[in-house]
Amino acid sequence: MIFRVTSIVFLLVCLSVSGQQLLPPIQNYQLLDYKGGTKNWDVSINENGELFVANNKGLLHYNGEQWTLNKLPNNTIIRSVKSIGDRVYTGSYEEFGYWTKNEFGELGYTSLTHLIKDHTFTSEEFWEIFPSSDGRVMFRSFSAIYSYSRDKITVVDPPFVVSDLIEFNGKLIVAGGSVGLFEVKGDSYEPLSDQDLLVGKTINDIAIFEGNLLVGTKLSGCFLYDGTTLTPWQTAINEELKDHQLNKITLLGENLLGFGTIKNGMYLYSSETGKYSILNRESGLQNNTVLSSLLYKDLLWLGLDNGLARVRLTNPITYFTDYTGLLGMVYDIAWYNGKLFLGSNTGVFYFEGSELKFVNGSQGHVWDLDVIEGDLLCGHTRGTFKVSENSFELISEVAGGYQMIKVPDRKSTYVQGTYNGVAMFTKHDDETWEVVKIEGMDEPVKQLCFETPSILWTAHPYKGFSRIHFNEAQYNKVDRIQKFNQEEAPSEYNVKLYNIKNHIVLNSEGNWYAYNPIGDKIEKFEEFKDYKNKELLFFDQEYFWFVDDDEQKAIIYTDLKGDSLMLTDLPLRERLAPDSQNLVKVNDSTSYITLIDGFAKINAPGLKGISGQEELPVPSFIVLKDQESKHSVQGNSIDIPFRNSQSITIEVASPEYIYPHYYYRLEGPKEYSQYVESGAINFQNLPYGEYTFKIATSGMDNSISEYKQLNFTISPPWFFSWWSLFLYLALAVLAIYLVRRYNRRKLERKHRELEERLHHEQQERMAKMEKEELAKEVKQKQNELASTTLNIARKNEMILELKNMLIMNKDKFSNSQRYRTFIKKLNSSIEDTEDWRRFEVNFKELHQDFFERLLKSYPSLTPKDLKLCAYLKMNLSTKEIAPLMGITVRGVEIHRYRLRKKLDMDSSDNLSNFLITF
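So the sequence shown is residues -19 to -1, 1 to 899, counted in mature numbering (1 follows the signal peptide of the UniProt record, and there is no 0).
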């Protein structure tokens, strides 16, 4: 805490009250980042550092890695939010309640308004949630205060607009809009003493500062109330607050305050120094209207009228950014006569106090700024100039002044790389400069360094490098130029030169080399083997500054002996000028790095202080996802089916870090370990087995926090499960048994083959005999049936003939009764059931289920119909059927016609064929 407060005080001392400022990095979050509404009315942070925002669209949740938007059931605007314990309370239009997390970290809402008894809302919105010291949670609207405790809600309706509430000296104080301050006593309100100054002034916010109440008003600045007396706050910043409409007051430290305004962003004020700085659009804030603010450790969160912002107040790296575009890309920086000078692609600039000014006449590309022999010299595209605040004096017409270095063992003599070779500068006692173009060297030279007083190494990104020998008697003329062939030298493209501890060191394509003067050859430079693909920005007798050549652009600050820090600020990495970044050390504590739109100031003691004192937060697990589902990380272990394990993602977060870095280890059948920047760690195609995943946050010096551990198990594939292995064993035993059984039965089979063949032949003979016997029986039964049918037909024909004769001689019978008796007996003989029974028995033996199938298909058939069907199946003619049924031929035809109808047959269909095949 002491380190944080000291850093903020130092920040405020160094920053100006107007114009451009050196500011800590501002991380802006836009709609596309958090996918919510524009306005962010309130912010709150839980004990783990997770952010909750009252947003126009709902409740925003940020865990340090991901944004999620949670909407209320009625989709109303959330105006207030407060994280208390494991609950997140929110207030909206005629609604308030709390949110809690489920096992997957997802938020669910519980309303509390149903607990309100005998009260009706009056179009109220809840703008503040205040946890009192006695455990109550108070929801404030402009009309009333609702106190929630132990599942009960009590309502207090004051006779004025309630604009804020706070506890002060054990009392609950409320702001009554434009009517002053009141103490809440039960259900009544008692105005505080001596507050006439507040009459007619709208109170926006109240804070406790240095033992007093700091009362902020909308347009009249701030007032101090000590418990008995109210006085205007006599500070310079108070006038700023009046002009820019104060909205929020945030306590940043013991003597530090933050003031959010409607018109000009956020003011950071130190009561100890009386100085303040401003975070607004000119300094990188995306919006000037601050609706809410909150300090968590050293992170200042701002809820804006359009978006969100996060500022790390104790950041050891501060930034100057030119949002006008006039400065351009900065190539070099120099400290001269107590002023900071900047060389950019548009000219030379300097700071007069806090105001950036242009040196007249310096228009054009600046390559180099150096304080040499008491003069500030500028290597310019038009030549080399002597610079002051008011002059830009040409001292060399040789175009393109790149790097300038001193010639060893020669007084006040320097050489400079230019567009057309090397120029030599000598300063005389009369303060004038003599410049001579060195003969014999006409190629462009961007870098140079001395091996000895008479040997100079030169390099250019596209022309390669050379070893130049001078004649010491004629130093303005090249004696010999030494080149190296491709076999003994690195690639000539984009070579960088350095003289490190009297060694000529080269960097080419990410590899490090050194010149061996004994063997006159270039060799690998083993001392820098751990810094492959890194460019050396600056070095002195103690520390080296490297920058990654890859997309990460991280800066490494090291002594090559184990003391190492890595600067991974995203604003720094995103704004480094590719292949043109430059670091200038002003003194032991301050260094500057050139950027594409300004520069960064690095406080080296601050870097070491944060590295040595910061307590790295332990990351939190969010969820584990496989290919098809997500798993809660709250349990002891997670079981993942093998079919879902081709892609496993573990999501973690460290909300307390502004740009978190992690180090993880995976232990199990397959092991990994790596430093990463993303909180989503993915594993592909892990083999099955038990795994332990450990993760920690990493600091600038690659130190790590305590590990957070998660155990998970990937189940074996189905073909390696225990029941599969049991099945494989059973199959193996069965296979052995079957092989033995096969071998044993092979001989038995051969013995059985003859027996089976013999048996088969016997069976065939028996079957043939049975078939022949059966055919004989069928033939015999057919004959018997035909004979029986024929006998019945003949008998019936004779009876019919006799009957007809009797009918014809009816008149000859004197006794009619006897006549009828004869006729009846004849009819009985024709319809003799015994004849039909014998016929039916023989018929069924030949055609077993004919009648059953027929009746099943045509249930309307009568017994007489069945008789006709049986005769037709025997292929008897109508004439043959007539005596069998005891009717005439005409009667049979009529019966056939009726039968055809019952069988749904057309006249074209053959009835006999149908029944024969039925």
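Virtual Cβ for every residue (Gly too), placed ideally from N, Cα, C.
The beta strand (DSSP E) enclosing L233, as first and last residue numbers: As a working note, residue 233 is residue 252 in the sequence shown. 227 to 234 is the span of the beta strand (DSSP E), which, as asked, contains L233.
Option nearest E516 by Cα separation, candidates S561, G543, Q522, E504: On the sequence shown, position 535 is the one that residue 516 refers to. Residue S561 is the option with its Cα nearest to E516.
Nonlocal neighbours in the same chain, by C-beta distance under 8 angstroms from E220, ignoring five residues either side: Taking the sequence shown and counting its residues from 1, the one referred to as residue 220 is at position 239. The residues are G202.
Buried or exposed (CB count within 10 angstroms, at least 16 for buried), T305: Counted from its first residue, the sequence shown places residue 305 at position 324. Exposed is the call here.
Member of R799, I804, K776, E778 whose CA lies at the smallest distance from the CA of I788: For the purposes of this step, residue 788 is identified with residue 807 of the sequence shown, where counting begins at 1. Measuring from the Cα of I788, the nearest candidate turns out to be I804.
C-beta contact flag for L842 and L836 at 8 angstroms: For the purposes of this step, residue 842 is taken as the residue at position 861 of the sequence shown. For the purposes of this step, residue 836 is taken as the residue at position 855 of the sequence shown. Closer than 8 angstroms, so yes.
Alpha-carbon to alpha-carbon, I386 and Y300: Translated into the one-based positions of the sequence shown, residue 300 becomes position 319. Translated into the one-based positions of the sequence shown, residue 386 becomes position 405. Looking at the two C-alpha atoms, the distance is approximately 29 angstroms.
Cβ contact (3+ pairs, closer than 8 angstroms) linking the stretch 651 to 661 and the stretch 573 to 580: no
Integer-rounded CB distance, given that S335 should sit under 8 angstroms from G309: One-based indexing of the sequence shown puts residue 309 at position 328. One-based indexing of the sequence shown puts residue 335 at position 354. That belief does not hold up - the Cβ atoms of G309 and S335 are roughly 20 angstroms apart, past 8 angstroms.
Exposed unless 16 or more other CB atoms sit within 10 angstroms - verdict on Q665: Mapped onto the sequence shown, residue 665 falls at position 684. Looking at its Cβ environment, which holds fewer than 16 other Cβ atoms inside 10 Å, Q665 is exposed.
Classification of T327 by the beta-carbon crowding that lies within 10 angstroms, buried from 16 upward: Residue numbering aside, residue 327 sits at position 346 when the sequence shown is read from its first letter. Buried, because 16 or more other Cβ atoms sit within 10 Å of the Cβ of T327.
Local conformation of G66 per DSSP, three classes: Start at 1 with the first residue of the sequence shown, and residue 66 comes out as number 85. Here G66 sits in coil by DSSP.
F(-17) versus T571: straight-line alpha-carbon distance, rounded: To locate residue -17, count along the sequence shown from 1; it is residue 3. To locate residue 571, count along the sequence shown from 1; it is residue 590. Interpretation of F(-17) is limited by its pLDDT of 38, a score under 50 that renders its predicted location unreliable; no figure is taken from the coordinates.
Distance, F831 Cα to S889 Cα: Here residue 889 refers to the residue found at position 908 of the sequence shown. Here residue 831 refers to the residue found at position 850 of the sequence shown. Each residue's Cα considered, the two are about 24 angstroms apart.
CB contact flag (E370, V416, <8 angstroms): On the sequence shown, position 389 is the one that residue 370 refers to. On the sequence shown, position 435 is the one that residue 416 refers to. No. Outside cutoff.
Straight-line Cα distance separating V379 from G421: Indexing the sequence shown from 1 puts residue 421 at position 440. Indexing the sequence shown from 1 puts residue 379 at position 398. Using only the alpha carbons, I get a separation of about 15 angstroms.
Rounded separation between S104 and V165 - CA only: Here residue 104 corresponds to residue number 123 of the sequence shown, with the count starting at 1. Here residue 165 corresponds to residue number 184 of the sequence shown, with the count starting at 1. Roughly 23 angstroms between the two C-alpha positions.
I259 versus V292, T57, N466, residue with shortest Cα-Cα distance: Working through the sequence shown from its first residue, we reach residue 259 at position 278. Nearest option by C-alpha distance: V292.
CB-CB length for A185 against Y206, believed under 8 angstroms: By 1-based counting over the sequence shown, the position of residue 185 is 204. By 1-based counting over the sequence shown, the position of residue 206 is 225. Checking the sequence shown, residue 185 turns out to be Asn, not Ala. That belief does not hold up - the Cβ atoms of N185 and Y206 are roughly 15 angstroms apart, past 8 angstroms.
Euclidean distance between Cα positions of D349 and L564: To locate residue 349, count along the sequence shown from 1; it is residue 368. To locate residue 564, count along the sequence shown from 1; it is residue 583. Distance between the alpha carbons of D349 and L564: 12 angstroms.
N37 (DSSP reduced to helix, strand or coil): The residue labelled residue 37 in the question sits at position 56 within the sequence shown. Looking at N37 - three-state DSSP - the assignment turns out to be coil, as it is neither helix nor strand.
Any 3 or more C-beta pairs closer than 8 angstroms across the stretch 247 to 262 and the stretch 211 to 227: yes
Those residues which DSSP pairs with Y709 across a bridge: If you number the sequence shown from 1, residue 709 lands on position 728. None; Y709 has no bridge partner.
V620, enclosing beta strand (DSSP E) - first and last residue: Numbered from 1 along the sequence shown, position 639 holds the residue referred to as residue 620. Residue 620 is actually Asp in this sequence, not Val. From DSSP, the beta strand (DSSP E) with D620 extends over 618 to 621.
Simplified DSSP state of N625, which is helix, strand or coil: Position 644 of the sequence shown, counting from 1, holds the residue named residue 625. It is helical.
Segment limits, alpha helix (DSSP H) that includes I875: Counting from 1 along the sequence shown, the entry for residue 875 is found at position 894. Per DSSP, I875 belongs to the alpha helix (DSSP H) from 870 to 883.
Neighbourhood of L53 by C-beta, 8 angstroms cutoff - its chain only, sequence neighbours within 5 removed: The sequence position of residue 53 within the sequence shown is 72, counting from 1. Counting only Cβ-Cβ distances below 8 angstroms, and skipping sequence neighbours, we find G39, L40, I59, T71, S73, E76, Y90.
For S264, the three-state DSSP class (helix, strand or coil): On the sequence shown, position 283 is the one that residue 264 refers to. If DSSP states are grouped into helix, strand and coil, S264 belongs with the helices.
Given 8 angstroms, three or more beta-carbon pairs between the stretch 448 to 455 and the stretch 466 to 484: no
V720 burial status per 10 Å Cβ neighbour count (16 or more: buried): Counting from one through the sequence shown, the residue named residue 720 turns up at place 739. The residue in question, V720, is exposed, as its Cβ has fewer than 16 Cβ neighbours within 10 Å.
contact_flag[the stretch 711 to 718, the stretch 672 to 683] where n(CB pairs < 8 angstroms) is 3 or more: no
Simplified DSSP assignment, three categories, for W704: As a working mapping, residue 704 is identified with position 723 in the sequence shown. Residue state, collapsed to three classes: helix.
Exposed unless 16 or more other CB atoms sit within 10 angstroms - verdict on E556: What you label residue 556 is simply residue 575 of the sequence shown in a count that begins at 1. Here residue 556 turns out to be Arg, not Glu, going by the sequence shown. It is buried - the Cβ of R556 has at least 16 other Cβ atoms within 10 Å.
Three-state secondary structure assigned by DSSP to T898: In the sequence shown, residue 898 corresponds to position 917, counting from 1. Correct three-state label for T898: helix.
Under 8 angstroms between C-beta atoms of L227 and F204: The residue labelled residue 227 in the question sits at position 246 within the sequence shown. The residue labelled residue 204 in the question sits at position 223 within the sequence shown. No, they are not a contact pair.
L275 versus P425, S264, G234, residue with shortest Cα-Cα distance: Taking the sequence shown and counting its residues from 1, one reaches residue 275 at position 294. With distances taken between Cα atoms, L275 lies closest to G234.
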